[in-house]
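Chains as they are written, first to last, in our numbering: chain H, 1 to 401; chain V, 402 to 802.
C-beta atoms are modelled at their ideal positions from N, C-alpha and C, and glycine is treated no differently.
The structure displayed is predicted, hence computed values, not measured ones.
Remarks on the structure that follows.
2 protein chains.
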Amino acid sequence: MERKPNVVILGAGYGGMVTALNLQKELGANMANVTLVNKHDYHYQTTWLHEPAAGTLEPEKTRMKISEILDSNKITLVQDTVEQVHREAKKVETTSGQELPYDYLVVALGSESETFGVPGVYEHAYHKWTVDGVRETKEHIEYQFAKYNNDETMQGKDLNFVVAGAGFTGIEFIGELTERVPELCETYDVPRERVKMFVIEAAPSALPGFDPELVEYAMNLLENRGVEFKINMPISEVNESGVILKDGTEIDACTVVWATGVRGNPVIEKSGFDAMRGRVKVEEDLRAPEHEDVFILGDCSLIINEETERPYPPTAQIAMQQGVTCAKNIKALIQGGELESFQPEIKGTVASLGGKEAIGVVGNKKLYGNSANFMKKMIDNRYLWILGGARLVLRKGKSPF
Amino acid sequence: MERKPNVVILGAGYGGMVTALNLQKELGANMANVTLVNKHDYHYQTTWLHEPAAGTLEPEKTRMKISEILDSNKITLVQDTVEQVHREAKKVETTSGQELPYDYLVVALGSESETFGVPGVYEHAYHKWTVDGVRETKEHIEYQFAKYNNDETMQGKDLNFVVAGAGFTGIEFIGELTERVPELCETYDVPRERVKMFVIEAAPSALPGFDPELVEYAMNLLENRGVEFKINMPISEVNESGVILKDGTEIDACTVVWATGVRGNPVIEKSGFDAMRGRVKVEEDLRAPEHEDVFILGDCSLIINEETERPYPPTAQIAMQQGVTCAKNIKALIQGGELESFQPEIKGTVASLGGKEAIGVVGNKKLYGNSANFMKKMIDNRYLWILGGARLVLRKGKSPF
Numbered sequence: 001m002e003r004k005p006n007v008v009i010l011g012a013g014y015g016g017m018v019t020a021l022n023l024q025k026e027l028g029a030n031m032a033n034v035t036l037v038n039k040h041d042y043h044y045q046t047t048w049l050h051e052p053a054a055g056t057l058e059p060e061k062t063r064m065k066i067s068e069i070l071d072s073n074k075i076t077l078v079q080d081t082v083e084q085v086h087r088e089a090k091k092v093e094t095t096s097g098q099e100l101p102y103d104y105l106v107v108a109l110g111s112e113s114e115t116f117g118v119p120g121v122y123e124h125a126y127h128k129w130t131v132d133g134v135r136e137t138k139e140h141i142e143y144q145f146a147k148y149n150n151d152e153t154m155q156g157k158d159l160n161f162v163v164a165g166a167g168f169t170g171i172e173f174i175g176e177l178t179e180r181v182p183e184l185c186e187t188y189d190v191p192r193e194r195v196k197m198f199v200i201e202a203a204p205s206a207l208p209g210f211d212p213e214l215v216e217y218a219m220n221l222l223e224n225r226g227v228e229f230k231i232n233m234p235i236s237e238v239n240e241s242g243v244i245l246k247d248g249t250e251i252d253a254c255t256v257v258w259a260t261g262v263r264g265n266p267v268i269e270k271s272g273f274d275a276m277r278g279r280v281k282v283e284e285d286l287r288a289p290e291h292e293d294v295f296i297l298g299d300c301s302l303i304i305n306e307e308t309e310r311p312y313p314p315t316a317q318i319a320m321q322q323g324v325t326c327a328k329n330i331k332a333l334i335q336g337g338e339l340e341s342f343q344p345e346i347k348g349t350v351a352s353l354g355g356k357e358a359i360g361v362v363g364n365k366k367l368y369g370n371s372a373n374f375m376k377k378m379i380d381n382r383y384l385w386i387l388g389g390a391r392l393v394l395r396k397g398k399s400p401f
Numbered sequence: 402m403e404r405k406p407n408v409v410i411l412g413a414g415y416g417g418m419v420t421a422l423n424l425q426k427e428l429g430a431n432m433a434n435v436t437l438v439n440k441h442d443y444h445y446q447t448t449w450l451h452e453p454a455a456g457t458l459e460p461e462k463t464r465m466k467i468s469e470i471l472d473s474n475k476i477t478l479v480q481d482t483v484e485q486v487h488r489e490a491k492k493v494e495t496t497s498g499q500e501l502p503y504d505y506l507v508v509a510l511g512s513e514s515e516t517f518g519v520p521g522v523y524e525h526a527y528h529k530w531t532v533d534g535v536r537e538t539k540e541h542i543e544y545q546f547a548k549y550n551n552d553e554t555m556q557g558k559d560l561n562f563v564v565a566g567a568g569f570t571g572i573e574f575i576g577e578l579t580e581r582v583p584e585l586c587e588t589y590d591v592p593r594e595r596v597k598m599f600v601i602e603a604a605p606s607a608l609p610g611f612d613p614e615l616v617e618y619a620m621n622l623l624e625n626r627g628v629e630f631k632i633n634m635p636i637s638e639v640n641e642s643g644v645i646l647k648d649g650t651e652i653d654a655c656t657v658v659w660a661t662g663v664r665g666n667p668v669i670e671k672s673g674f675d676a677m678r679g680r681v682k683v684e685e686d687l688r689a690p691e692h693e694d695v696f697i698l699g700d701c702s703l704i705i706n707e708e709t710e711r712p713y714p715p716t717a718q719i720a721m722q723q724g725v726t727c728a729k730n731i732k733a734l735i736q737g738g739e740l741e742s743f744q745p746e747i748k749g750t751v752a753s754l755g756g757k758e759a760i761g762v763v764g765n766k767k768l769y770g771n772s773a774n775f776m777k778k779m780i781d782n783r784y785l786w787i788l789g790g791a792r793l794v795l796r797k798g799k800s801p802f
């Protein structure tokens, strides 16, 4: 009897989960050993994390046990952290010292925050967009309010919050924070006027690439909720007291939240793949160049939008679509057949602004307010449907009303 | 027309509130101007604070607006902090610079933590048993759990909690914390065995003065929930890393909660009253010695138990009883009549141990477990009844079931 090939998937994010789900459905049990390696025993929704970070959603709502989604008879879960891929030896090395040999590898390890070389980010800013990370951010924020009336050095001072980056994550986070702040002020007897919120963006516009009319809508709305924007203004340093801007301005801040974008997982560079900011420009079939056996998905992959000749920003939408193609292509490699080319299909983009507010584009249509909010919730719920059907939507879904 | 006398009550704790309530009922509107000076616009239940400190009760449940309890037509509330009493000039000076002249003064300003000269308590321990204080303690505790999985320096280390003092407050607090910890471990994915709890007591026994059989019951129960007691062991220092004990042992701790007892409000000594640890040994009619016009109640007062020839420990029970006598004596001074002697009537003492557990003595009867827990809840609710009747019990009361 021929040896069954080993398929090893690294990372249980959007790309890894969809790949695993599709292999589970389409591969016969005797066709391959499929292993999923992940740091935690749960999957979580990266795109929802701005909510638990600000405290407007229970962190628990954003995660689910992998064992409740995947069939452990068909996919073996290894809970461990990936240290490095040994491409020549075709093995994955983990932090606990395991070696997992592969015939086909899927690298879908996600991203980490891009600091652009700004000193102090790791030490002084909340930069981890993970379940563990945002729970810390949330508790830290609440602690600042709880401390306010006890710490005499804070009397008469402001509770300043700085969000670095006015991209998708930064805007969605500040949207939630502006909703939360009045509630926190009431709970902890902090005068509302003592709380100041800043969003600092190095690029010449907030939400770069988004429709300017929608960007204006979002900024007006957030300014009305008390946010001060500093656009076209790089941050040169984060330190214990707050941030220093390029023009020399210092903003004291009890909390700096870092959301200037992401780079691919460091395992990519450590393993010797050719990469730009941790992202590998993959072939059309999603394999790494010169690698017949390695697929790279999601935030670790880079694909070019041929219309604009610029890379697509990494999104959950693209990662999930890649997962479908990747599973098909692995099946073709095992069973024989043509490999598919991946072409992203951008169905729409919606950014929530907190409360019942959102902005978005679906097709050519611009959406504001309630309709955008409705669409956002539908997108979130649709993903749950893909992963776990109606049962999961009921358990973890969001009501748009 | 004769000038109406000014009655000024300092502090809206148990003693001050009961005095004000009784004056409001018994004094005709034309007989005196009654002013209540308090730092906040709310009254709170000091004896409940171990619960919100550990996070087992909403802090909001422990406080109530003074305006919802007292009639603002009869009692004027001045929201300000008392700086000093000028006894000769018969004026109260506040932090904002107000001067309040009085004919009769009631000093019921409560207490602050006694450090016994141990260095580092104010800087490194949670020592404020106030609404603001315990909200900070609670958020700090939660933040330690939230941080655990993000901060690599914490990996493999323990989350150590030290409670200084095994008196009433220390024991009631650790009781709540032991109930809360398993919940926090689950929420934040912290292994239960990584959390260690210590209670350190300088005296030769926990709960000094309590029945030894009940003390043993409480210690066994708390040890079974994972608490390690160090009895007969003074703390010599609190610092950034934790505590240093008298025998040289260092206990690393992310959180030190200080509960070694209280001393009277510093305003007492600052104003020149003769005092021991901020407490004035009052006359039988509750006036300060050599002061015809100043009553001192609650934690700022000291009264001797003639049976044991030792001071009664300051409790809410005694402060409330003093408030009744104080109001009667002020009425007698204004209207004429004999002043009453105060005699405390100790109806019972119950310490909660978290969950449905408690210990206590009512009359000569020892109570354990459910019956003690029931009694504790009844005591808490009875107080609400005194303050605000059935309506307040419904809003803020505790179910014993």
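Exposed unless 16 or more other CB atoms sit within 10 angstroms - verdict on residue i
{"i": "H:Ala-390", "result": "exposed"}
{"i": "H:Leu-10", "result": "buried"}
{"i": "V:Lys-539", "result": "buried"}
{"i": "H:Gln-322", "result": "buried"}
{"i": "V:Ala-730", "result": "The amino acid at residue 730 of chain V is misidentified as Ala; the sequence shows Asn. Its Cβ being crowded by 16 or more others within 10 Å, V:Asn-730 is buried."}
{"i": "H:Arg-404", "result": "Summary: the structure shown does not reach residue 404 of chain H, with chain H confined to residues 1 through 401, and so no result is reported for it."}
{"i": "V:Lys-732", "result": "buried"}
{"i": "V:Thr-661", "result": "buried"}
{"i": "H:Arg-63", "result": "buried"}
{"i": "H:Lys-147", "result": "buried"}
{"i": "V:Asp-675", "result": "exposed"}
{"i": "V:Ala-490", "result": "exposed"}
{"i": "V:Glu-427", "result": "exposed"}
{"i": "V:Thr-482", "result": "exposed"}
{"i": "V:Pro-819", "result": "The structure shown does not extend to residue 819 of chain V, since chain V spans only 402 to 802, so no value can be given for it."}
{"i": "V:Glu-400", "result": "Here chain V covers residues 402 to 802 and nothing more, so residue 400 of chain V does not appear."}
{"i": "V:Ala-430", "result": "exposed"}
{"i": "V:Leu-795", "result": "exposed"}
{"i": "V:Asp-533", "result": "buried"}
Contact set between residue i and chain V, taken where Cβ atoms lie within less than 7 Å
{"i": "H:Met-128", "result": "The sequence shown places Lys at residue 128 of chain H, not Met. Correct list: Asn-551."}
{"i": "H:Glu-283", "result": "Those within 7 Å of H:Glu-283 in chain V number zero; the least Cβ separation is about 36 Å."}
{"i": "H:His-140", "result": "Tyr-544"}
Listed by chain order, chain H residues near residue i by CB distance under 7 Å
{"i": "V:Lys-548", "result": "Glu-136"}
{"i": "V:Gly-566", "result": "Near V:Gly-566 there are no residues of chain H at all, since even the closest Cβ is about 20 Å away, more than 7 Å."}
{"i": "V:Asp-533", "result": "Asn-149 and Asn-150"}
Partner residues on chain V for residue i, Cβ-Cβ distance less than 9 Å
{"i": "H:Glu-114", "result": "Those within 9 Å of H:Glu-114 in chain V number zero; the least Cβ separation is about 18 Å."}
Chain B within 8 Å of residue i, Cβ atoms only
{"i": "H:Leu-384", "result": "The chain inventory of the structure shown lacks chain B, comprising the protein chains H and V."}
Suppose only complete runs of 3+ residues qualify. What are the beta strand (DSSP E) ranges in the region 322-356 of chain H, listed by chain order?
DSSP assignment within the region 322-356 of chain H yields the following whole beta strand (DSSP E) runs of 3 residues or more, N-terminal first: 349-354.
Residues within the region 79-100 of chain H neighbouring chain V, beta-carbon criterion of under 7 Å
The region 79-100 of chain H vs chain V, Cβ under 7 Å: nothing.
Please specify which runs of the beta strand (DSSP E), each continuous and at least 3 residues long, are wholly inside the region 556-585 of chain V, giving them in chain order.
Counting only runs of at least 3 residues, the region 556-585 of chain V fully encloses the following beta strand (DSSP E) elements, listed from N- to C-terminal order: 560-565.
Residues within the region 176-191 of chain H neighbouring chain V, beta-carbon criterion of under 7 Å:
Residues of the region 176-191 of chain H whose Cβ lies closer than 7 Å to any Cβ of chain V, in chain order: Tyr-188.
Within the region 233-288 of chain H, note down every full alpha helix (DSSP H) run reaching 4 residues or more, in order along the chain.
266-270, all fully within the region 233-288 of chain H.
Does the region 685-693 of chain V touch the region 705-715 of chain V, meaning 3 or more C-beta pairs lie closer than 8 Å?
Contact fails: fewer than three Cβ-Cβ distances are below 8 Å.
Would you check if there are 3 or more beta carbon pairs closer than 8 Å linking the region 212-227 of chain H to the region 92-112 of chain H?
The region 212-227 of chain H, when compared against the region 92-112 of chain H, does not touch it at the 8 Å Cβ threshold.
So, does the region 10-20 of chain H touch the region 38-53 of chain H, judging by three or more C-beta pairs under 8 Å?
When C-beta atoms of the region 10-20 of chain H are compared with those of the region 38-53 of chain H, three or more pairs fall below 8 Å, so the two segments count as touching.
So, does the region 363-383 of chain H touch the region 181-200 of chain H, judging by three or more C-beta pairs under 8 Å?
No, the region 363-383 of chain H is not in contact with the region 181-200 of chain H.
What are the complete alpha helix (DSSP H) segments, minimum 4 residues, inside the region 438-497 of chain V?
Restricted to the region 438-497 of chain V, the alpha helix (DSSP H) segments that are unbroken, complete and at least 4 residues in length are 451-455, listed in chain order.
Does the count of Cβ pairs from the region 574-593 of chain V and the region 449-458 of chain V closer than 8 Å reach three?
Contact between the region 574-593 of chain V and the region 449-458 of chain V is established, with three or more Cβ pairs separated by less than 8 Å.
Continuous beta strand (DSSP E) assignments of at least 3 residues falling wholly in the region 93-124 of chain H:
For the beta strand (DSSP E) assignment, the uninterrupted runs of no fewer than 3 residues enclosed by the region 93-124 of chain H are, from N- to C-terminal side, 99-101, 104-107 and 111-113.
Are the region 107-125 of chain H and the region 67-80 of chain H touching, with three or more C-beta to C-beta distances below 8 Å?
Cβ pair count under 8 Å is below three, so no.
Unbroken stretches of the alpha helix (DSSP H), 4 residues or longer, contained in the region 409-436 of chain V
Within the region 409-436 of chain V, the complete alpha helix (DSSP H) runs of at least 4 residues are 415-427.
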